[in-house]
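Residue numbers (this note's numbering): 374 to 789.
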């Protein structure tokens, strides 16, 4: 099963062709500055949109993980990859009447991991979300959060807060020292400008062995940013749903912390690959290549500034929503790395925009030629490497099949 956001898998399952959706245009304060004027950006935390990313990688950590066909693969630094199997997940989903079948009339439950997060304080704990449906019927398509505290020997459901159900899971909230699990009844997102909301989360300080219900707030007294709850859906090729961009200025000690729409940029497309990237200077970057302003930053959460990027292959980087591709990230070394090419027409490749540079360059990191049929699903950077995952396993030059490729940042440079 492909490791890609569930919205596209649902389209393939029910046999609907993906259409091009209207891009969402992010509003800004009208001011724009060139990328080259920013200097070196030092990311410390990456927050993916949606329920999360099929990659667990953070600029402040050398440990990475990614969804694969047989479970979750985890690697620490340059050490050997460890498989965290998901053999029992299908039985759990089926017994809870949450299993999603692959073909009409089939009783076999599809086990599809599409988001993963690692516990920074418990190396044997892995959190993952798996695709699910109620009674096998889709759409809507849900994600269910599970945890293993013994590297895949057994999995358990993340217990929802009181008054919520397993299908109310609405996404991972990544912190520097923890992972929180957002739950929401309300699927009518995004918030309108000026609206505020109190969010509920499940948290664990024991690596998933015990859980606490909490009001979701900022981990420090400083203002912080998150993506709002992800709504269940099933066909992004037919409609482009929106997901809130939220910020909160309340501290963790506040009894009822509030979140509200982040100024002029209230939402992003729920159907693409977006990221919020916090930096060590207190600036927050928003990446949304479906927008005409694909890279924005803010300090206040109210006023946003667009970053003007040079054209890639003679075309603007943002402004067109595509079902596949359109992936971009700020790597731990400050490089802006993007996927170029069209997976439906030409093989994809990686492009790099170096700090202080005014032009993209082709990267020396080769993607398999099969990415014409199996496009890039997600891309994130750890402290040591760039991790790229694909819609389905691809063949490497050595002939083996893999769900992800790892490129050391120390060796990632422009082709000469």
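For each residue, glycine too, the CB sits at the ideal point set by N, CA and C.
Counting C-beta neighbours from all protein chains within 10 Å, is the total for residue i 16 or more, i.e. buried, or is it exposed?
i	result
residue 585	exposed
residue 718	exposed
residue 407	exposed
residue 413	exposed
residue 729	exposed
residue 421	buried
residue 395	Low confidence applies to residue 395: its pLDDT is 29, below 50, so where it sits in the model is not reliable, and the reading given next is rough at best. Classification of residue 395: exposed, given that the 10 Å Cβ count is below 16.
residue 419	buried
residue 758	buried
residue 502	buried
residue 706	buried
residue 518	buried
residue 464	exposed
Taking the beta strand (DSSP E) that residue i belongs to, which residues open and close that run?
i	result
residue 462	Run containing residue 462: none in the beta strand (DSSP E); it sits in the alpha helix (DSSP H), 462 to 468.
residue 458	455 to 458
residue 578	No beta strand (DSSP E) holds residue 578; DSSP gives it neither H nor E.
residue 500	499 to 507
residue 546	542 to 547
residue 421	416 to 421
residue 762	758 to 768
residue 722	722 to 726
residue 588	585 to 588
residue 597	597 to 600
residue 552	552 to 556
residue 659	657 to 660
Answer yes or no: the CB of residue i versus the heavy atoms of the ligand FAD, is any distance below 7 Å?
i	result
residue 496	For the structure depicted, the ligand FAD is absent and the ligand set is empty, with no information on it obtainable.
Please state whether DSSP places residue i in a helix, a strand or coil.
i	result
residue 527	coil
residue 706	coil
residue 518	strand
residue 394	Per-residue confidence for residue 394 stands at a pLDDT of 29, beneath the threshold of 50, marking its modelled position as unreliable; no derived number is given.
residue 490	strand
residue 329	Any answer about residue 329 is impossible in this case: the structure gives the chain only from 374 up to 789.
residue 666	coil
residue 619	strand
residue 436	strand
residue 639	coil
residue 631	coil
residue 572	coil
residue 740	coil
residue 673	coil
residue 784	helix
residue 745	helix
residue 539	helix
residue 444	strand
residue 686	coil
residue 648	strand
residue 753	strand
residue 779	strand
residue 429	strand
residue 771	coil
residue 510	strand
residue 413	coil
residue 604	coil
residue 713	strand
residue 735	strand
residue 700	coil
residue 625	At residue 625, the pLDDT of 46 sits below 50, so the modelled position is not reliable; the number obtained from the coordinates is stated separately. Three-state result, residue 625: coil.
If residue i sits next to residue j, beta carbons under 8 Å apart, how far is it from one beta carbon to the other, in whole angstroms?
i	j	result
residue 761	residue 749	6 Å
residue 540	residue 515	5 Å
residue 621	residue 591	5 Å
residue 426	residue 751	5 Å
residue 702	residue 783	The Cβ separation is near 17 Å, so there is no contact.
residue 563	residue 615	5 Å
residue 699	residue 664	So it is not a contact: roughly 10 Å between Cβ atoms.
*State whether the stretch 486 to 495 contacts the stretch 430 to 448, with contact taken as three or more CB pairs (one from each stretch) at a distance under 8 Å.*
yes
*Does the stretch 719 to 733 come within contact of the stretch 681 to 689, defined as at least 3 CB pairs closer than 8 Å?*
yes
*With a cut-off of 8 Å, do at least 3 Cβ pairs link the stretch 598 to 607 to the stretch 532 to 551?*
yes
*Give a yes or no on contact between the stretch 565 to 574 and the stretch 550 to 557, applying the rule of three or more CB pairs nearer than 8 Å.*
yes
_Measuring CB atoms only, is the stretch 447 to 465 touching the stretch 422 to 437, in the sense that at least three cross pairs come out at less than 8 Å?_
yes
*asked:* Within 8 Å, do at least three Cβ pairs link the stretch 662 to 673 to the stretch 632 to 650?
replied: yes
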